[in-house]
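Q:
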Amino acid sequence: MGSPEDGDQDRWEGFRSGFVTLLGRPNSGKSTLVNAMVGTKVAIVSDKAQTTRHAVRGVLHRDDTQVVFVDTPGIHKPRTALGERLNATAADAAEDVDVVCLCIDAKRPLGRGDRFIAERLGPDAIVVVTKIDAAPRSKVVAQLAAAGELGFAEYFPTSARTGEGVDALVNRLCELMPPGPPLYPAETVRDTPEARWVAELVREQLLAVARDELPHSISVAVTEWEWPRIRVEILVERTSQKPMVIGKQGSVLKAVGTAARAQLPPGVYLELRVGVEKNWQRRPEMLDRLGY
Ligand SMILES: Nc1nc2c(ncn2[C@@H]2O[C@H](COP(=O)(O)OP(=O)(O)OP(=O)(O)O)[C@@H](O)[C@H]2O)c(=O)[nH]1
Ligand SMILES: [Mg+2]
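Remember, this note's numbering sits 1 above the position in the sequence shown when you count from 1.
1. Should the region 201 to 216 be regarded as contacting the region 124 to 132, the criterion being three or more beta carbon pairs within less than 8 angstroms?
2. Report the rounded CA-to-CA distance for residue 45 versus residue 70, giving the unit in angstroms.
3. Based on the DSSP output, what are the partners of residue 155 in its beta bridges?
4. Give the secondary structure of residue 202 by DSSP, where H, G and I count as helix, E and B as strand, and everything else as coil.
5. Between which residues of its own chain and residue 221 is the CB-CB distance below 8 angstroms, once the five residues before and five after are set aside?
6. Return helix, strand or coil for residue 117, following the three-state DSSP convention.
7. In chain order, what residues of the same chain lie with their CB nearer than 6 angstroms to the CB of residue 155, ignoring the 5 residues before and after it?
8. Mind checking which residues open and close the alpha helix (DSSP H) that includes residue 142?
9. Report the residue from 32, 142, 65, 59 whose alpha carbon sits nearest the alpha carbon of residue 103.
10. Determine the direct distance from the alpha carbon of residue 293 to that of residue 91, and round the result to whole angstroms.
11. Starting from residue 62 and walking both ways along the beta strand (DSSP E), at which residues does that stretch end?
12. Helix, strand or coil: how does DSSP classify residue 216 here?
13. Run through DSSP, which three-state label would residue 45 get?
14. Are the beta-carbon atoms belonging to residue 131 and residue 107 less than 9 angstroms from one another?
15. For residue 171 and residue 93, what's the separation of their Cα atoms in angstroms?
16. Determine the burial state of residue 4: buried for a count of at least 16 other Cβ atoms within 10 Å of its Cβ, exposed for fewer.
17. Taking 7 angstroms as the limit between beta carbons, can you name the residues of its chain near residue 182, skipping five residues before and five after?
18. What are the start and end residues of each continuous beta strand (DSSP E) run of 3 or more residues lying completely inside the region 202 to 290, in chain order?
19. Measuring from the CB of residue 213, is there a heavy atom of ligand 1 at a distance below 8 angstroms?
20. How many whole angstroms separate the CB atoms of residue 158 and residue 133, which I take to be in contact at a CB cut-off of 8 angstroms?
21. To the nearest angstrom, how far is the alpha carbon of residue 35 from that of residue 11?
22. Using only the alpha-carbon positions, how far apart do residue 63 and residue 148 sit?
23. Check each residue's C-beta against every heavy atom of ligand 1 and list, in chain order, those closer than 6 angstroms.
24. Output needed for residue 68: all residues of its chain with C-beta closer than 7 angstroms, excluding positions within five of it in sequence on either side, in chain order.
25. Based on DSSP bridge pairs, tell me the residues matched to residue 160.
Pasting the structure below:
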């Protein structure tokens, strides 16, 4: 008679599971693509660079396969201690995973930033040319040709916006997963702790309205959680940035709170506070405290 472990192994006979990390320059569409592949919002998105600040896991469940996507901060030339940590977070997330996808924006010329990342990847990485809906066909073809010079084995043109090419990529990634049992329970689509998720939804709304240097200066954290009342602290780096986040008579803050709350269970009350933490991006001890 077999042990319970054997029984469990039988149960997952033929099942596949593994990790896929997405890397790329800031704003290359990694988070949007992960959301499209998982089929649910698991990561926040914005048109500003360096939106993602943590490795975010999103889980795709199929009858015979589970893929854990790891979304990462965009790799860039760092100008602050925060920037260095974001790059390190991305590099760490590419270690010991089954597949690495290098995301390249179809709209932007393939540049030094893309090559810098490509040079650090093994030959099995998959190149994903993103946002193909936003570029003319000729440009997409040229981008695929340019990406071909990087010397990887597989290339996938995709649009997370229209869905074009996304299934083909997902199907291939599923094939590449090694045999193994599910890594997450069937109901889990993301592993972001709830407090951080609330903070991220608030930060996403702030990024949508912030301009210039402000997006980089914003950090958001939940400081009190007494369901359904959640206190959220928004930090900026200079006193002069406070009014931009608050708006005339609190109009910006109010709109941000409303839009974030709409994505949370009914009845939640968000209490938004704005504080100043001078140059937090450049202070390692503050980065530790803020969880970067
Ligand atoms: N037209 C079009 N725009 C896209 C597509 N995917 C992403 N975008 C836009 O590109 C911008 C950046 O998308 P993100 O998914 O936040 O990019 P990212 O690579 O995660 O960026 P970081 O987290 O900053 O590294 C956003 O404005 C998206 O709406 C796409 O398939 N088509
Ligand atoms: Mg992102």
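All C-beta atoms in this analysis are idealised placements derived from N, C-alpha and C, irrespective of residue type, glycine included.
A: Taking the coordinates as given:
1. No: the two stretches stay apart, fewer than three of their Cβ pairs being nearer than 8 angstroms.
2. The sequence position of residue 45 within the sequence shown is 44, counting from 1. The sequence position of residue 70 within the sequence shown is 69, counting from 1. One C-alpha to the other measures close to 14 angstroms.
3. Walking along the sequence shown from the start, residue 155 turns up at place 154. Looking at the DSSP output, residue 155 bridges to 127.
4. Numbered from its first residue, the sequence shown carries residue 202 at position 201. When DSSP states are grouped into helix, strand and coil, residue 202 belongs to the helix group.
5. Sequence index remark: in the sequence shown, residue 221 carries index 220 (1-based). The answer, listed in chain order, is 200, 201, 203, 204, 207, 233, 234, 235, 236.
6. In the sequence shown, residue 117 corresponds to position 116, counting from 1. In this structure, residue 117 counts as helix in the three-state DSSP scheme.
7. Indexing the sequence shown from 1 puts residue 155 at position 154. Cβ within range, chain order: 127.
8. Here residue 142 is taken as the residue at index 141 of the sequence shown, counted from 1. Judged by DSSP secondary structure, residue 142 falls within the alpha helix (DSSP H) whose first and last residues are 138 to 149.
9. Position 102 of the sequence shown, counted from the first residue, corresponds to residue 103. Nearest to residue 103 by alpha-carbon distance, out of 32, 142, 65, 59, is 32.
10. As a working mapping, residue 91 is identified with position 90 in the sequence shown. As a working mapping, residue 293 is identified with position 292 in the sequence shown. Approximately 12 angstroms between the Cα atoms of the pair.
11. By 1-based counting over the sequence shown, the position of residue 62 is 61. It spans 57 to 62 - the beta strand (DSSP E) in which residue 62 sits, taken as one unbroken run.
12. Position 215 of the sequence shown, counted from the first residue, corresponds to residue 216. It is helical.
13. Translated into positions along the sequence shown, residue 45 becomes position 44. DSSP places residue 45 in coil when its eight states are reduced to three.
14. Counting from one through the sequence shown, the residue named residue 131 turns up at place 130. Counting from one through the sequence shown, the residue named residue 107 turns up at place 106. In contact: residue 131 and residue 107 (Cβ atoms closer than 9 angstroms).
15. Walking along the sequence shown from the start, residue 171 turns up at place 170. Walking along the sequence shown from the start, residue 93 turns up at place 92. Here the alpha carbon of residue 171 sits roughly 23 angstroms from the alpha carbon of residue 93.
16. Along the sequence shown, one-based indexing puts residue 4 at 3. Confidence is the limiting factor: at residue 4 the pLDDT is only 49, short of 50, which leaves the residue's position unreliable, though a coordinate-based value still follows. Residue 4 sits exposed, since fewer than 16 C-beta atoms from the chains shown fall within 10 Å of its C-beta.
17. The residue you call residue 182 lines up with position 181 of the sequence shown. Result list for residue 182: 13, 16, 18, in chain order.
18. Those beta strand (DSSP E) runs which fall completely within the region 202 to 290 and span 3+ residues are 220 to 227, 230 to 237, 270 to 277.
19. Residue numbering aside, residue 213 sits at position 212 when the sequence shown is read from its first letter. Checking every heavy atom of ligand 1 against the Cβ of residue 213, none is found closer than 8 angstroms.
20. For the purposes of this step, residue 158 is identified with residue 157 of the sequence shown, where counting begins at 1. For the purposes of this step, residue 133 is identified with residue 132 of the sequence shown, where counting begins at 1. Right, the Cβ-Cβ distance comes to about 5 angstroms (below 8 angstroms), so this counts as a contact.
21. The residue labelled residue 35 in the question sits at position 34 within the sequence shown. The residue labelled residue 11 in the question sits at position 10 within the sequence shown. If you take the alpha carbons of residue 35 and residue 11, they lie about 31 angstroms apart.
22. To locate residue 63, count along the sequence shown from 1; it is residue 62. To locate residue 148, count along the sequence shown from 1; it is residue 147. The alpha-carbon atoms of residue 63 and residue 148 are separated by roughly 30 angstroms.
23. Chain-ordered list of matching residues: 25, 27, 28, 29, 30, 31, 32, 33, 46, 47, 48, 50, 51, 52, 53, 74, 75, 131, 132, 134, 135, 160, 161, 162.
24. Working through the sequence shown from its first residue, we reach residue 68 at position 67. Excluding sequence neighbours, residue 68 sits near 19, 21, 61, 174, 175, 178.
25. Here residue 160 corresponds to residue number 159 of the sequence shown, with the count starting at 1. Answer by DSSP bridge pairing: none, since residue 160 is not bridged.
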